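For the record, the sequence lines run as chains A and B. The first sequence begins at 1 in the working numbering and counts up one residue at a time. The second sequence begins at 297 in the working numbering and counts up one residue at a time. A virtual CB, placed ideally from N, CA and C, is assigned to each residue, including glycine. Just so it is clear, the structure is predicted and the values come from calculations on it, not from any experiment. See structure below.
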Amino acid sequence: MKHFKSTSIFLCLLLIHQFLFAHGHQENYYKPENILRFAEHLFQEGDYLRAASEFLRYLYYSDSIPTHRDSVYYKIGLCYRLGEDYQKSVNYFQKVIDDYPYSDYLDDSHFQIAYSHFLSGKYEESLSFAAESLSQIKREAGRLKLQQLTGLNYIYQKQWRLAVDHLSSLENRAKLNALSASLLHFAKQGEQLPRKSKFLAGLMSAIVPGTGKMYCHRTGDGLVSLLTIGLTGWQAYDGFHEKGIKSVKGWIFGTITTFFYLGNIYGSVVAVNVYNQQLEDKLLREVGVTIHVSFK
Amino acid sequence: MLVLNKFLLSGIILIWTLPGIKHDMALFFGERFFNSENYYDAITEYKRYIFFNSEKEDDSISHAYYKIGLACFHLGQSDKAISELRKSIQAAHSARMQDERKIDLAVVLIASGNPKAAEFILIKVEMFSQIPELKKKAAFFRGVASLYSYDWEQADEAFHVYFNDLEERSQEMPEKLESLLERAQNMKYRSPKLAKILSAILPGSGQIYAGDWRNGLNALLLNFATGYFFVDDILQRQYQDALFNALFIFGRFYRGNRYHAKEAAIKYNERLNQNISSRILEILEGKYSDEKNKRN
């Protein structure tokens, strides 16, 4: 009996030791602080959507602990913004604004919402949100970023004049900022792009087929138009010349020539649109690189 | 009493000696998610394991990277899968594990349409691995990779290595496979260049040479009809009509006919390759699963 008791005690101790041993060497992954560490790691690694889930898990597991919930919500918003889920990012930044009126992240959340709208291509929403937010932002740096974003929205809407006016109207100190200066420079460049005239291209193609396209630097297209219209027109002329107004050949080629001729004028106008758009897109790509660096 | 003590003690020893991997929560969840095809969450858990155990000096980190790679592959992210499998090779501590992972990487490369890169890795395993079983496995997959790049000679050589292993004379290369590979090496391809030349001399003949009788006859008829009008215009001295015909009707059909002759030959060769390759793969699939069953 005595032997049984001592053996049982020994076994219990061994089991307790085993339990402690097994868990002593293994990190408790699901402790809130470890979840937070892992979330930060995923964020640094660029795995933003997974990081957002981990930050949320952190909040769920540590319901009563963190005093910095606003910063975590802000980080979640940032994860979604960088993961290109803009609707969710706006929701989380809005949560910081609504639930934490004294947060340090208030100004940044305002900017991030406007910027998320901008990145999702909702320029009007971005503009109106930026305008509403300006009065609520306390820090000058925050206000400047919103003003720059407003200018940027005008640039992306290709409202060059408005962009120039807005960026020129900034206070002197704001104007001296490198980003403001380069945005103003881009806006001025956009206004003065060597665009082609649709009217002139149409007129040129109406007088000499294909020349409207050559005016837009599409010489090959222009020559093909000239040759096609010239040859079909010649066939129509030949038909009418031989058999007069009753010539079937003349009417068939005449109709084809008319379609080609009208198509050539329309095509020249379209070519101008494409040309101008390419010019503007090239400039916007340069702007994109600049803001990618500045607003990241 | 003694029996009970022995039973309890052996239980304790069993628990004591279980490898750490079995206790790990992140790996446990990772495997569970992976097995239930929830690959996104499986990746999160494996990443968690790697983050908290990066200092570990066993093959568990390599295993985690390997599973991430497979999960990425299942999610259709081939590039990520390849990069994770490379990490898995780097993290492997034993030579055996490294070689196994290299073969896994090669399989993913084959499946993602890059058999040449797979061949390169497999050749290295065959040359440098110290484990005969893995050398053999690498030879098998090198054969498969060669089938995908239609390199019949290489495939033949690789399967000979696999089936006629010096140490295991009992395994013979299946007769059917051998004859198919021999047939593949003696296949008569159609030359795209010759098809084009033939169609330039007699329209449609290139397509017929490539086995496309229908399109060949169609091309012959169309070119004959339009060519007749072209020659007739010249004989009638109607040079404008002849020019128009040459540019827009006969010329287009003639050029199209030459282009399609070349394409028909390319398609013919591709069909031939695909047909024989899929027949060989069917045989291999049967043979491989038989062997696997035998081993199990």
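- Against chain B, the beta carbon of F38 (chain A) has neighbours under 7 angstroms at R344 and F347, listed in chain order.
- Chain-ordered, the chain B residues with CB closer than 8 angstroms to the CB of Q235 (chain A) read Q536, D537 and F540.
- The beta carbon of A322 (chain B) falls within 8 angstroms of a beta carbon belonging to chain A, placing the residue at that interface.
- Cβ atoms of A201 (chain A) and A271 (chain A) come within 8 angstroms of each other, at about 7 angstroms.
- DSSP places G210 (chain A) in no alpha helix (DSSP H); its state is neither H nor E.
- Excluding its 5 nearest sequence neighbours in each direction, E415 (chain B) has C-beta neighbours in its own chain below 7 angstroms: R438, A441 and S442, listed in chain order.
- Along the stretch 331 to 342 of chain B, the positions whose C-beta sits under 7 angstroms from a C-beta of chain A are T340, read in chain order.
- Restricting attention to A:G142, A:S128, A:Q148 and A:Q189, the CA atom closest to the CA of E280 (chain A) is found in A:Q189.
- Per DSSP, reduced to three states, the secondary structure at T67 (chain A) is coil, with no helix or strand assignment.
- Neighbourhood of L231 (chain A) in chain B, by CB distance below 9 angstroms: Q536, L539, F540, L543 and F544, in chain order.
- Taking all protein chains in view, the Cβ of A391 (chain B) is surrounded by fewer than 16 other Cβ atoms within 10 Å, so the residue is classified as exposed.
- Counting the other Cβ atoms within 10 Å of the Cβ of P194 (chain A) gives fewer than 16, which makes it exposed.
- Counting only unbroken stretches of 4 or more residues, the alpha helix (DSSP H) elements lying wholly within the stretch 43 to 131 of chain A are 48 to 61, 69 to 82, 86 to 99 and 106 to 119, in sequence order.
- With 16 or more other Cβ atoms from the protein chains shown falling within 10 Å of its own Cβ, G267 (chain A) counts as buried.
- Distance from the CA atom of Y550 (chain B) to the CA atom of T255 (chain A), rounded to whole angstroms, is 26 angstroms.
- A:D108 is the residue among A:I35, A:Q87, A:D108 and A:A39 whose C-alpha sits nearest the C-alpha of D70 (chain A).
- Y154 (chain A) is positioned such that its CB atom lies closer than 8 angstroms to that of L162 (chain A).
- Separation of R554 (chain B) and P488 (chain B) (C-alpha to C-alpha, rounded to the nearest whole angstrom) is 10 angstroms.
- Short of 7 angstroms from the beta carbon of F329 (chain B), and not among the five residues preceding or following it, lie these beta carbons of its own chain, in chain order: D337, A338 and E341.
- In terms of beta-carbon proximity, D85 (chain A) stays away from the interface with chain B, with every pair separated by 8 angstroms or more.
- Taking C-alpha positions only, T257 (chain A) is separated from K246 (chain A) by approximately 17 angstroms.
- Counting only runs of 4+ residues, the alpha helix (DSSP H) found wholly inside the stretch 463 to 546 of chain B occupies 471 to 481, 488 to 497, 501 to 505, 509 to 531 and 535 to 540, in chain order.
- Between K484 (chain B) and S445 (chain B), the gap from beta carbon to beta carbon reaches 8 angstroms or more.
- For D238 (chain A), the neighbours in chain B by C-beta distance under 7 angstroms run, in chain order, Q536.
- In the three-state DSSP reduction, D395 (chain B) falls in the helix class (H, G or I).
- Here the C-alpha atom of R397 (chain B) lies approximately 21 angstroms from the C-alpha atom of F455 (chain B).
- With a cut-off of 8 angstroms on Cβ pairs, the stretch 422 to 433 of chain B is not in contact with the stretch 568 to 576 of chain B, counting fewer than three such pairs.
- Going by beta carbons, H110 (chain A) and I137 (chain A) fall inside the 8 angstroms limit.
- With contacts defined as CB atoms closer than 8 angstroms, A506 (chain B) and A561 (chain B) qualify as a contacting pair.
- Below 8 angstroms, too few C-beta pairs join the stretch 281 to 294 of chain A and the stretch 219 to 231 of chain A to call them touching: fewer than three.
- Rounded to whole angstroms, the gap between the alpha carbons of K122 (chain A) and R218 (chain A) is 34 angstroms.
- Residues L42 of the same chain have their beta carbon placed closer than 7 angstroms to that of R50 (chain A), with the five preceding and five following residues left out of the count.
- Among the residues facing chain B, H41 (chain A) is included, as its CB has a counterpart in that chain under 8 angstroms away.
- B:F348 is the residue among B:I419, B:F348, B:Q536 and B:E333 whose C-alpha sits nearest the C-alpha of F38 (chain A).
- Within chain B, the residues whose beta carbon sits less than 9 angstroms from that of R50 (chain A) are Y336, I339, T340 and K343, listed in sequence order.
- The closest CA to that of K472 (chain B), considering only B:L580, B:S350 and B:Y345, is found on B:L580.
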